[in-house]
Structures are given as structure tokens and as C-alpha cells.
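Peer 1: There's a structure below that I have some questions on.
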Amino acid sequence: MIQLPAHQYGLIFRLVEEQDAEFILSLRTDPRLAKHVSPVSNELEAQQAWIRKYKEREARGLEYYFLYTDEQNEPLGVFRLYNIEHNTVTSGSWLAKSGQDELNSIRADLFLTTAIFEEFKFDRCVIDVRKDNKKLLRYHKMFFTVTSEDDLNVYMYMNAADYQRKKEFLTSIIQPSI
Amino acid sequence: MNIETFVQEFAEQFDEIPADQFAADTLFKENDEWSSMTALSVIAMVDQNYSVRLTGDDVRKSSTIEDIYNIVASKQNA
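Protein chains in written order, with numbering that gives the first Met the number 0: chain A, 0 to 177; chain B, 0 to 77.
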């Protein structure tokens, strides 16, 4: 099982706590960031209540909501693992603060993908990507296989062999030494 | 490999900015659409079209499209 907090690639990865509600809400209500995610209530209390419920699911091993910060503990972004069934997991709910080092999301994606296949030891990761999120779609199509689509989303999966290709690609970009 | 084609291919990685707004001397990090995802799109395009792997440092030290073009050209000739 993964050891958290994890210090990797100059970032710190940990699980979301109730006190992170304000940061998460600031991301989810940012019009530029939120155009590809489901709308949420802009009330802090509702976000805190959602995290309390999430922590119950986390304790039962049903879901993991990660937050990553810089080395000064400044929060930078979030992502989530959910719909855990047998050896398959869904990853999503990606949001990252604007204006940060453009490599941080790549570092975070490398951490997440490695965690899925090497720490949690899932065999398959599935995602759904909004069709209007063209860049994200192009990126994921490099490593994921499309299974289906509807009016809103494209549905894809990645297996262990795809993961190895993605890991090699991302590692060569960020050249992790930390 | 020529700079005009490269600028066009680079511009295609941006979804919200018309391609005719890009030139070799465009400071590509100064527009609102630049993000880690755009950086990945550019890196993937260079990988697929030129068989050259750009690193994060290559992107970080570049300001203009021509800077990226010159790095790709030098890696192709290495």
C-alpha cells in the first residue's frame, strides 16, 4: 500500500482533509478551470460535508482523493481514484491551480499513474474525458484505448503495458532526480 | 524540417487561438491557453512528427516557437 505523504519530484502528495475544502472549492468554482467538470455548490459547508463523507469511503478503501502541494505545503492541485472494483479503478476529478510550473501536472500524473499500477497494483485504469476538452483527449489517447463514447464523454482504459509506455514518456520529460 | 511548417504544427496544439496569430517569434507562454497540457501536446507533437523527445527543461528555457524549433533541429542532428 502507498505510503503518504509522499515526497516525489519536488512535490508532496497526501490525502485530502476537511481543511482543504476552501482550496478545492476555489478550483471547482474557477470559471476557467471548471468548464470541464461537473458544477458544484459554491458553499464551503457543502464542500466540507462532501469531504467528511469521502473520508468514510476512504476509510473503507473505496476511494482516494489526493492533494499535492509544493515543498512549502502550498496546495497546487487534486485528483481522485474511485469506482474501485476488483482490479480496476477510475481516475479523475483533476484540477490544478493556474499559474504554476507547467511541469507540475506532469509530475502529478506520473505519481498517480505509478501509484495505480505499482502501489495499489490495479491491472486497469479507466477514465472518461469530456469531448470538448480537446487537449486532454489528445493526451490520453496516446496511452489509453477508447472503449466507447456518448454525446458528452469519451471512455477509455489503460492496462499495465500502456502504463509502462506512459511512464517512460513522462519520466523522459521531467527527468526526475528528486 | 522548416520553420514555417513547425510554427503551423505548433499552433495546432492550441485550441482557442487562431493559427494565423502564431509566428516564429511568438512568445508562446504569454497567452492564456499555455498550460501543462499544452506543453504535453507540443512535446507529443514533436515526438510523433520529428522523433525527438523534448524535456521539461527544453520547454522551460524556451520563450519563442523558434527556440523550440532550434532545440528540435539540434537534437535531430545530434
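Ideal Cβ positions, reconstructed from N, Cα and C, are used throughout, including at glycine.
1) Closer than 8 Å, CB to CB, is A/I177 near chain B or not?
2) Any beta-carbon of chain A closer than 8 Å to the one on B/S40?
3) For a cutoff of 8 Å on Cβ pairs, would you count A/Q7 as touching chain B?
4) Taking A/N82 as the reference, which of A/E62, A/S97, A/S92, A/T170 has the closest Cα?
5) For B/F9, which of helix, strand or coil comes out of DSSP?
6) Straight-line CA distance for A/Y64 to B/V41?
7) CB A/L80 to CB A/L32, shorter than 8 Å?
8) Under the three-state reduction of DSSP, which class applies to A/E178: helix, strand or coil?
9) Would you say A/L43 and A/L14 are within 8 Å of each other, going by their C-beta atoms?
10) Counting only Cβ-Cβ distances shorter than 9 Å, please list the residues of the stretch 58-74 of chain B near chain A, keeping chain order.
11) Near B/S61, which residues of its chain fall below 6 Å by C-beta distance, leaving aside the five closest residues on each side in sequence?
12) Using a Cβ-Cβ distance under 8 Å, would B/A43 count as near chain A?
13) Applying a beta-carbon distance threshold of less than 8 Å, which residues of chain B neighbour A/M155?
14) Taking a contact to mean a Cβ-Cβ separation below 8 Å, would you say B/D24 touches B/T63 in this structure?
15) Given the structure, does B/S34 come close to the ligand GDP, in the sense that its CB is under 7 Å from one of the ligand's heavy atoms?
16) Would a check of beta-carbon distances place A/S25 closer than 8 Å to chain B?
17) In three-state terms, what does DSSP make of A/D149?
18) Where does B/K60 sit, in a helix, a strand or coil, going by DSSP?
19) For B/E3, tell me which candidate among B/V71, B/A72, B/A22 has the shortest Cα-Cα distance.
20) Could you check the C-alpha separation between A/K133 and A/E84 for me, to the nearest Å?
Peer 2: In terms of the structure at hand:
1) Because A/I177 carries a pLDDT of 46, less than 50, the predicted location of this residue cannot be relied on, and the following value inherits that uncertainty. No, A/I177 does not count as interfacial toward chain B.
2) yes
3) no
4) A/E62
5) helix
6) 29 Å
7) no
8) Missing from the structure shown is residue 178 of chain A; chain A here goes from 0 to 177 and no further.
9) no
10) V58, R59
11) I67
12) yes
13) Correct list: empty, because the minimum Cβ distance to chain B is about 16 Å.
14) yes
15) Ligands displayed in this structure: none; no statement on the ligand GDP is therefore possible.
16) no
17) coil
18) coil
19) B/A22
20) 28 Å
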